[in-house]
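Be aware that the sequence shown starts at 1, since it is given in UniProt numbering, and climbs by one per residue.
Below you'll find the structure, written out as structure tokens, and then a few comments.
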Amino acid sequence: MELIEWNDFAKVELRVGKIIEAEPFPKARKPAYVLHVDFGPEIGIRKSSAQITDLYTPENLIGKLVVAVVNFPKKQIGPLQSECLVTGFHDEAGRVALCVPDQSVPLGTKLL
1 MELIEWNDFA KVELRVGKII EAEPFPKARK PAYVLHVDFG PEIGIRKSSA QITDLYTPEN
61 LIGKLVVAVV NFPKKQIGPL QSECLVTGFH DEAGRVALCV PDQSVPLGTK LL
């Protein structure tokens, strides 16, 4: 594991957002959804591609709070321009479980 300095970590904008729309992304190479995530008035709504189809359906994603990196440059993923990176962890079977706050917090709150 490579050690980093505090200043390196402080540059990463990990923010809380709420998924307001989720739809299948059929043009992705691996099964994925297109997520529309609301980060509140300061940041707004951003789109992301997420390979989370094993554990989630579009319907059960709506309203879910997630943690995402919002200060990466936009990335072209097929026809989608991804504007944030929604975070998650692989389980024992390789499925992605979302990284979520366990309490309600205001949209756009930065991870400390």
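Virtual Cβ for every residue (Gly too), placed ideally from N, Cα, C.
Values in this document were obtained by computation on a predicted structure and should not be read as measured data.
Limits of the beta strand (DSSP E) - the one that residue 127 falls within: Residue 127 falls outside the range modelled here, since the chain spans only 1 to 112, and no answer is possible.
With 16 other Cβ atoms within 10 Å as the buried cut-off, status of residue 128: No statement about residue 128 is possible, as the shown extent of the chain runs from 1 to 112 and does not include it.
As assigned by DSSP and simplified to three states, the class of Glu-92: DSSP places Glu-92 in coil when its eight states are reduced to three.
Asp-8, enclosing alpha helix (DSSP H) - first and last residue: Run containing Asp-8: 6-10, per the alpha helix (DSSP H) assignment.
Option nearest Pro-79 by Cα separation, candidates Lys-27, Leu-3, Glu-21: Of the candidates Lys-27, Leu-3, Glu-21, the residue whose Cα lies closest to the Cα of Pro-79 is Lys-27.
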